[in-house]
Ligand code: BGC
């Protein structure tokens, strides 16, 4: 566990502890939307640097920076044109070094995002591949194929990209390249040793600059078996995802991570990594193993309803899975790819009495977005109440918690973005059928008024709604009942829960109430229902997600401190 030690000068520094990540609270910053120092409407590293005291006051252990590299922003920065530089709109390498130093001085570690499945089409390699022509070594870094049909004018396969539309794009000389995401994101060829070597150089480049860990984007998709004949989409669907699927979660991707592990372990303390791997749960331990990336995201809570049974099953299964790899579990309720959890929970609970019995929270959220936030009407208060309860439960769990900027303010998704101001490729590649992820990426409100709610002196790159005023940092900072105050209190107390990673369920006699014990006699109780749940009068409630009056109100969580003198 990371330990913050006080130096005689009064500044703080990080104790070199190799297992700091196991129970860390990691705060995700989407740099373009956090704080804008230079007033161009896009957040920047100097903006983050100016807010490090805010981050330190929150009580987090690490910051994860979503991509800040040079990019045409075809996919919010996940289209990287140069892996070893900073986008000039976001800053410079000097700004990056200054930010790392400022965060480290406050005991906060730094994780950066690595995007290895694809580059931007503006990356020097792809430009070279276009110019060099068919059969060239430059094209071998990507996945180029001839087309089908008499004149090759049809794509090599009928595969569909993750953002909608065909997964192949034709170049002027007639060949096609594979892009599993946007057209501007050509997939790299991980069978090419040059590609492998270059990413090792990138990892070392950032690790040498003091970066503590890496978040690996779509970690399960790098290696591919593209031997001919290529299967059709229908054929692909029949192939089990057991390590031999041609496109996803192949066993051979672990060879890449074994090599990266050697790089990570060559540093002291070893650099950490967390895999974004959407794979069968039984295969998650492969990525989370100490010989691989060491930790993997677990998105199950993020996909669940606000429902006691679902939460309990997920928590039990996730802890078991993490134990099998020797890793610790991760927990996520919101990130830059999904509708914010305050909003998901404000929609009618789909599987438990909502309008669409078969709908998942994600499909309910998409339907709500498609209606531009009109249908069903959001029960904002209920969403926030449930979000606070779910977060307080999550922060009481063993393992590491990943928070997404703005959730500590109780922010909702912004549905009311005009179509012409949308940026997400999902919106464009589905012809607007899917609204996309812009609504969770709107620049943060720091002040209740002023230019762009204090985000910066020059406006915001996505429009901020009027209701942001109620969630401004400056207001929540002074309000002891605000969501920001709740996060700060819970994070300050959480250190006491990190003595070990055990969790013991306590029966409550109610299906809609979960209760578990943590080391030293700490307990966490969540009432997912709407009826009060009486607690024993001796319970020493030290933090509560809603007003605590001796009984646990519906849709609330409390932490109970151990008995005895405090
Ligand atoms: C990232 C997305 C991105 C995609 C392609 C995802 O997993 O989180 O934001 O669009 O990878 O890079």
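Residue numbers (my numbering): 321 to 886.
For every residue, glycine included, the Cβ atom is placed at its ideal position computed from N, Cα and C.
Local conformation of residue i per DSSP, three classes
i           : result
residue 533 : strand
residue 566 : coil
residue 835 : strand
residue 708 : helix
residue 525 : helix
residue 686 : helix
residue 875 : coil
residue 618 : coil
residue 854 : strand
residue 409 : coil
residue 793 : helix
residue 650 : strand
residue 869 : coil
residue 815 : helix
residue 327 : The pLDDT assigned to residue 327 is 36, lower than 50, so where the model puts this residue is not dependable; a value taken from the coordinates is nonetheless given after this. Residue state, collapsed to three classes: coil.
residue 507 : strand
residue 766 : coil
residue 717 : coil
residue 424 : helix
residue 334 : strand
residue 627 : coil
residue 757 : coil
residue 747 : helix
Closer than 7 Å: residue i CB and nearest the ligand BGC heavy atom
i           : result
residue 396 : yes
residue 540 : no
residue 501 : yes
residue 754 : no
residue 448 : no
residue 435 : yes
residue 504 : no
residue 596 : yes
residue 507 : no
residue 657 : yes
residue 528 : no
residue 537 : yes
Minimum C-alpha distance to residue i - residue among the options
i           : options               : result
residue 440 : 582, 587, 394 and 802 : 394
residue 684 : 652, 624 and 709      : 624
residue 810 : 880, 529 and 839      : 880
residue 520 : 566, 580, 665 and 483 : 580
residue 812 : 338, 345 and 340      : 345
residue 449 : 391, 508, 474 and 471 : 508
residue 618 : 609, 590, 772 and 599 : 599
residue 485 : 472, 503, 372 and 443 : 503
residue 611 : 630, 591 and 620      : 591
residue 774 : 699, 760 and 792      : 792
residue 722 : 640, 341 and 850      : 341
residue 694 : 639, 562 and 663      : 663
residue 750 : 378, 686 and 555      : 686
residue 396 : 703, 656, 646 and 818 : 656
residue 826 : 844, 755, 814 and 697 : 844
residue 480 : 557, 820 and 690      : 557
residue 527 : 404, 551, 746 and 869 : 404
residue 887 : 713, 795, 803 and 374 : Here the chain has residues from 321 to 886 only, and residue 887 is not among them.
residue 549 : 477, 603, 561 and 615 : 477
residue 639 : 654, 616 and 574      : 616
residue 842 : 859, 833, 848 and 875 : 859
residue 410 : 387, 710, 620 and 491 : 387
residue 515 : 534, 493, 460 and 726 : 460
residue 846 : 786, 627 and 406      : 627
Sheet register partners of residue i (DSSP bridge)
i           : result
residue 486 : 480
residue 598 : According to DSSP, residue 598 bridges with nothing at all.
residue 464 : 497
residue 847 : 833 and 876
residue 861 : 880
residue 348 : 384 and 724
residue 433 : 535
residue 824 : 837
residue 593 : 534
residue 698 : DSSP output for residue 698 lists no bridge partner at all.
residue 474 : 468
residue 438 : 507
residue 842 : 838
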